[in-house]
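Enquirer: Before I ask anything, here is the structure I am working with.
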Amino acid sequence: MKGENFLVKFFLVAYLVVFFGYLLGPLFVMSVTAFNSPAFPKMAPWECLTFEWFDVLANDERILNGIQNSVIVGIGTVILSVVMGLAGALLLTEIWPRLRATYYTIVIAPILIPGVVLGISTLVFWDRINIMLGLSSGSFLHNGIFLTVIGQSTFIASYCMLVFIARLQRYDTGLTEAALDLGATNVQAFRKVLLPFMKPAIGSAAVLAFLASFENYNTTTFTFGKFPTLTIELAQKVRYGINPSISSLAFIIIVLTIIGALAHEIYRRRQQLALANGAPVSAVTGKFQLPKFLRRNPASILLVLLALAGFSTIWFAQVYSPTECKMEVREQKRLIQEERINAIRQKRLEQQQEKLLKGPDVFGGSKTAPAPGTGKTIESPGKGTFGSVFNPGNLDKAAPAPSPNKPLESPGKGTFGNVFDPNNLEKSGSENK
Amino acid sequence: MSKGVDVNLENVWIRFGEFVAVREANVTIKGGEFFSFLGPSGCGKTTILRAVSGFLEPSDGTVKIGGKNMAGIGPNKRPTALIFQNLALFPLMKVWENITFSLEVKGVGKADRRKRADELLDMIALSDQADKLPSELSGGQKQRVAIARALCAEPDVLLLDEPLSALDLKLRQHMRTELREIQQRVGITFIYITHDQGEALTMSDKVAVMRAGVIDQIANGHSIYNDPATPFVASFVGENNVFRGKIKSVDGDMALIATNRSGDLLARIATSAKGTLKVGDPAMMFVRPEVCNIAEDPAPAHNRLTAMVKHEEFEGQIYNVFLEGSEGKEIKMSLVNIGQRRQSADGRSLTLEYVPEQAVVLPAGELASE
Amino acid sequence: MNIVPIFKNYFAKNGIGLGSFILVTVTIWVVLLIILPQISMLDFSFRHHLPPPEMGGPKDTYTLEHYKYLVLGAPGSDASYNVVDLGVFARTLLAAFFVTIIDLILCYPLAYYLGQSKGGGLVRVLVLLLIIPYWINEILRAFAFRIIFGDSGVINEFMLAMGLISDPIDFIRANVALYAGLGYAYILLMIFPIYNVIESLDRNQIEAARDMGAPWWRIHWRVVIPYAKPGISSGCTMVFMLSAGALAAPQILGGPSSLWFTQIIYQWFNTGGNWPRGAAFAVILLVTCIVIVLSMMRLFKVRIGDIGK
């Protein structure tokens, strides 16, 4: 019995590890590549810690332009889909019961229709409208932003509607009646009673809509016209030429996401905590009690750590320069190449000598011997210094490495143990200069 | 405060598809009256209230408030205010904002609203709760906020839809008195919906008893209780012993009924049945438990029965004695506790009697189901 | 069946202004954004491929040529059927089916575990971890898989370094990257519908079954899965539809020799420049997906209302 239990637990843990490895591994790998120096995003042969890809990203006109278009499209989509989704949800509560199933099927269908089909139908339909109205091909109906907003809203509104339906199910229609009874007009009852009730749902629907719009590809790829969104630009880049600046963008998005998720978690927990304690809501939204609140909330500790890590990274990025390291890597590469060229030369020489002497056993040993030896000497510093990026000892280890003539005191334990030594920071700082 | 106005329902029918929720309702409610609709759930009383408040248009007939036909006038244009069964306080507004919502929609400024809210909160003794949310109040406090919110709209007619049903017994009894006091202070017409006869009888000037969409009787509490118009009213309001039978003879106000199991008994003919009961008609006779008494003289008479005591319940101010008459007829008798210790009489046979004028006879009809 | 009182009632309840706003907005959405574009695409797919000036002219008649093309291939070609496009179509559906099954197998245990655990910190963290990857752009997620599975990707480099292989394995060509990426993309859509249903399953039912001596697999087969059926079929429907209609992942992760049906549609619209043909192919995709979903729902006796919960 006990053994079986252990087995079950073991499998559960193994399964969770595999599952979340699958889920989070790619993100981790991608993030790491943002800091590696090779021009093709790679994690495995770690070359140099670099921040240049962030620079490349910040100077990429097309990416920046894509972000701008994405934001414009996103805002338009949020407005349109939230309004349509809300109206759709409200009508569902009103509609004649016999029509309800049909109506629901129609408004939920866009979720199931392939995004490609939505994009095509939007493009075709508005193109025809344009021809029917006799407008020129430059009219707003052909405008990429208009088409993209329309195409995306078609199905994003359905998502929003689902959010609203869930919220409306908890609404007491008596509240609207009470407002009407007290003399409010329909619009007033809607604005002052129903809308405030729907506010949290509107917020989450808007966030959902923006995210869905921001990352949409299938529909947008048919409708964007002259206004490629970020996703489109990324797809072009990924398909036709990759460099790690995309990884750095991913890294930024991942960090922002984690911060957002943690902040949301903290907010939620604070509210829950307050409700559990029976405190009035006004007290909850009041002042920020740091120490007590930190003790109770692991998420906030994480957030603080994350912020510290972020600041230190930015600071480090300004101080640190990877050129030396790169030079070294280049040098190593050159060495490898030379080695190869030598090998080839030697081979030729051998062959020549073979021809001349017809005695193959003379140079047989020297052909293979140097290659592994040099390979080893090249590889070991690279792996040793940079193999573990998130090793806490990494910071000060990284600094002395570029100057190999300086004696490394004790690469393993010694540096590790001194991480919190105040001299340490100073040392690595001065060495960097 | 505005003086209450009349509310008239003239020949009102309300149908939902095939289903008739209200059948030919004719009601006259005088200005300043506390008027109750009493009936079991599903009898159509809430439907009538919704027709008065304007959430529903009658299928036929007219609703008049203050003599004015209300057809086509929406709930927000009628001089009525409704207190909902679940109170329907706005959960996201503070107490004072809830109370002055009717002013807010009229565009009254915040300072004036706050002032009015303080007055009303003072009236309902909740001055220190103005800035709380409804969810932070107790049941009785919510109740009073709902009343204040309705009164703030200065309605001519206040409609109350079973507002006390969610409260516990003690609070309910307290709120009855409070509601009645408020009504007398503001002097407007109150229309009150309830299935609790105690509430209806204690508070109301007049009560309409409803059954399955039909109004059986409209009268003051005293008449409803002592002079019911139908067997339904007699059995729904208070407790009654029912004796079925046929009219044997009629003598002025009194009639002799040949009951199925308890012999011939004498009772007063109800006002509503006067002149219509004839000899041989199927009839029902109602004798209330508290009208029964133990007879000093066991000689048979038309107001005496013999029965065996099955068991007794002591309820404080009264003893309930459950008896079994001939052929298993169950009879309940209530005796006032006069401070003397009663000998347990289980299994004993005794004769009980009643005053014939306090028993009523009605044409046979539908009873309220238990 | 009188419509007039229904409208009268509706406007009485909602007011003229608000009522018509809701009605007009929904009408725009349903008619202008959902129904008309689909009809227009359907209509368009039956037309000849004409240069703009000839549209609406005498040559603009209805034709079945694009549908014929999909089935029979280009007129005059030697093969009697359009083996290439039909093959891609079949392979897309089959691959989408496999992705769905893989996701189901992968997600069911976790959904069950999350749904049946009593909540608490760990579950919240896991849910958070589940959601975080889906805030990251679809393209970037596919890109991550390219980094992992590429010729000089993590796996190949690792295996080379370990000496397991001497030459990098072409995962892209073998479509491993594509399936991994597609499966990854829709995990969330599989987990949450199942999780929502299982969460409402009374734990006592499972304990009762265990009490009666049922082994764990029988408990799942007889108690949990029948109960979770709406969630499972809702998740499967969504994953299937989205994988069959995926475009980004096949474009980025697909091998050079294996096309996805959506890519063919994309080509007709962009490089091919034959819109009606692309529209016809899109109609085929849409209709097939609808048929498959409807038959799945019929098979598992699930209503449309269960989708999207």
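Chains as they are written, first to last, in my numbering: chain A, 1 to 433; chain B, 434 to 803; chain C, 804 to 1112. Glycine residues also receive a C-beta, built at the ideal position from the N, C-alpha and C atoms. Source: prediction; values computed, not measured.
Would you kindly work out how many angstroms separate the C-alpha atoms of Leu489 of chain B and Phe449 of chain B, rounded to a whole number?
Expert: Taking the straight line from one Cα to the other gives about 11 Å.
Enquirer: Helix, strand or coil for Trp446 of chain B per DSSP?
Expert: Note: Trp446 of chain B maps to strand in three-state DSSP.
Enquirer: Out of A:Asn186, A:Arg269, A:Val124 and A:Leu349, state which residue places its alpha-carbon closest to the alpha-carbon of Gly924 of chain C.
Expert: Per the Cα distances, A:Arg269.
Enquirer: Measure the C-alpha to C-alpha separation of Ala484 of chain B and Gln272 of chain A and round it to an integer number of angstroms.
Expert: Their Cα atoms are separated by approximately 43 Å.
Enquirer: Assuming Gly646 of chain B and Gly477 of chain B make a contact with CB atoms under 8 Å, what is their CB distance in whole Å?
Expert: Sure, about 4 Å apart at Cβ, within 8 Å.
Enquirer: In chain C, what lies closer than 9 Å to Glu52 of chain A by C-beta?
Expert: Result: empty, since nearest Cβ-Cβ is about 18 Å, beyond 9 Å.
Enquirer: Is the CB of Pro196 of chain A under 7 Å away from at least one CB in chain B?
Expert: By this cut-off, Pro196 of chain A is an interface position.
Enquirer: Where does Pro733 of chain B fall in DSSP's three states?
Expert: Three-state DSSP puts Pro733 of chain B in coil, outside helix and strand.
Enquirer: Between the Cα of Asp181 of chain A and those of B:Ala586, B:Ser759, B:Arg613 and B:Gln630, spot the shortest distance and give me the residue it belongs to.
Expert: The candidate whose alpha carbon is nearest that of Asp181 of chain A is B:Ala586.
Enquirer: If you follow the beta strand (DSSP E) that Phe468 of chain B is part of, which residue opens it and which one closes it?
Expert: Here the beta strand (DSSP E) through Phe468 of chain B covers Phe467 to Leu471.
Enquirer: Residues bridged to Ile651 of chain B by DSSP?
Expert: BP columns for Ile651 of chain B point to B:Ala641.
Enquirer: Using the rule of at least 16 other Cβ atoms within 10 Å of the residue's Cβ for burial, across every protein chain shown, is Pro508 of chain B buried or exposed?
Expert: Burial call: buried.
Enquirer: Quick one: what's got a C-beta closer than 8 Å to Asp361 of chain A's C-beta in the same chain, skipping five residues either side?
Expert: Unreliable positioning characterises Asp361 of chain A in this predicted model, as indicated by a pLDDT of 48, which lies under 50. The coordinate reading is nonetheless provided below. Here the set comprises nothing.
Enquirer: Chain C beta carbons: is any one of them nearer than 7 Å to that of Glu215 of chain A?
Expert: By this cut-off, Glu215 of chain A is an interface position.
Enquirer: If we cut at 7 Å on Cβ distances, does Val124 of chain A have a partner in chain B?
Expert: Output row for Val124 of chain A: interface = no.
Enquirer: Can you give me the start and stop residues for the alpha helix (DSSP H) that Lys237 of chain A sits inside?
Expert: That run of the alpha helix (DSSP H) goes Leu230 to Tyr240.
Enquirer: Could you check if Ile202 of chain A belongs to the surroundings of the ligand PLP, using beta carbon to heavy atom distance under 6 Å?
Expert: Looking at this structure, you won't find the ligand PLP or any other ligand, since it has none at all.
Enquirer: What separation, rounded to the nearest whole angstrom, lies between the Cα atoms of Leu981 of chain C and Lys355 of chain A?
Expert: Going by the C-alpha atoms only, they are around 52 Å apart.
Enquirer: Mapping the DSSP letters down to three states, classify Asp684 of chain B as helix, strand or coil.
Expert: It is a strand residue.
Enquirer: Who are the neighbours of Asn940 of chain C on chain A, taking C-beta pairs under 9 Å?
Expert: Ordered by position in chain A, the residues that pass the 9 Å Cβ test against Asn940 of chain C are Phe214, Glu215, Tyr217, Leu230, Thr231, Leu234, Leu249, Ala250 and Ile253.
Enquirer: Rounding to the nearest angstrom, what Cα-Cα distance links Gly819 of chain C and Leu634 of chain B in this structure?
Expert: It should be pointed out that residue 819 of chain C corresponds to Ile in this sequence rather than to Gly. Computed Cα separation, rounded: 43 Å.
Enquirer: Tell me whether the stretch 205-219 of chain A and the stretch 158-176 of chain A touch, counting them as touching only if at least three CB pairs, one residue from each stretch, are closer than 8 Å.
Expert: Yes, since at least three Cβ pairs between the stretch 205-219 of chain A and the stretch 158-176 of chain A fall closer than 8 Å, the two stretches touch.
Enquirer: Quick one: does Leu1102 of chain C have its CB under 7 Å from some CB of chain A?
Expert: False, the Cβ-Cβ gap to chain A never drops below 7 Å.
Enquirer: Give the residues of chain A in contact with Pro789 of chain B, contact being defined as C-beta atoms less than 8 Å apart.
Expert: Ordered by position in chain A, no residue passes the 8 Å Cβ test against Pro789 of chain B, which lies about 50 Å from the chain.
Enquirer: Whole angstroms are fine: how far does the CA of Arg1101 of chain C sit from the CA of Cys1140 of chain C?
Expert: Past the edges of chain C, shown from 804 to 1112, lies residue 1140 of chain C, and the structure says nothing about it.
Enquirer: Is any beta-carbon of chain B found at less than 7 Å from that of Val187 of chain A?
Expert: By this cut-off, Val187 of chain A is not an interface position.
Enquirer: Pick out whichever of C:Leu1089, C:Tyr987 and C:Val1086 has its Cα sitting closest to the Cα of Val1042 of chain C.
Expert: Comparing Cα-Cα distances from Val1042 of chain C to each of C:Leu1089, C:Tyr987 and C:Val1086, the minimum goes to C:Tyr987.
Enquirer: Out of B:Glu745, B:Asp660 and B:Glu746, state which residue places its alpha-carbon closest to the alpha-carbon of Val720 of chain B.
Expert: The candidate whose alpha carbon is nearest that of Val720 of chain B is B:Asp660.
Enquirer: Is there contact between the stretch 514-533 of chain B and the stretch 573-580 of chain B, where contact requires at least three CB pairs shorter than 8 Å?
Expert: The stretch 514-533 of chain B is in contact with the stretch 573-580 of chain B.
Enquirer: What first and last residue would you give for the alpha helix (DSSP H) that runs through Gly434 of chain A?
Expert: Given that chain A is displayed from residue 1 to residue 433, the structure contains no residue 434 of chain A and the question cannot be resolved.
Enquirer: If you follow the beta strand (DSSP E) that Leu981 of chain C is in, where does it begin and where does it stop?
Expert: Premise fails: Leu981 of chain C lies in the alpha helix (DSSP H), Val979 to Ala988, not in any beta strand (DSSP E).
Enquirer: Is it buried or exposed for Gly85 of chain A, if we count other Cβ within 10 angstroms and need 16 for buried?
Expert: Buried.
Enquirer: For a contact meaning CB atoms closer than 8 Å, what does Pro508 of chain B contact in chain A?
Expert: Simply Glu177, Leu180 and Asp181.
Enquirer: Does any residue of chain A have a CB that is nearer than 7 Å to the CB of Glu754 of chain B?
Expert: It should be noted that the sequence gives Val, not Glu, for residue 754 of chain B. Chain A, which has no Cβ nearer than 7 Å to the Cβ of Val754 of chain B, makes this no.
Enquirer: Would you call the stretch 182-192 of chain A and the stretch 908-918 of chain C in contact, with 3 or more CB pairs under 8 Å?
Expert: Segments in contact, no.
Enquirer: Since Met503 of chain B is in the beta strand (DSSP E), which residue starts that stretch and which ends it?
Expert: Looking at the DSSP string, Met503 of chain B is not in any beta strand (DSSP E), and its letter there is neither H nor E.
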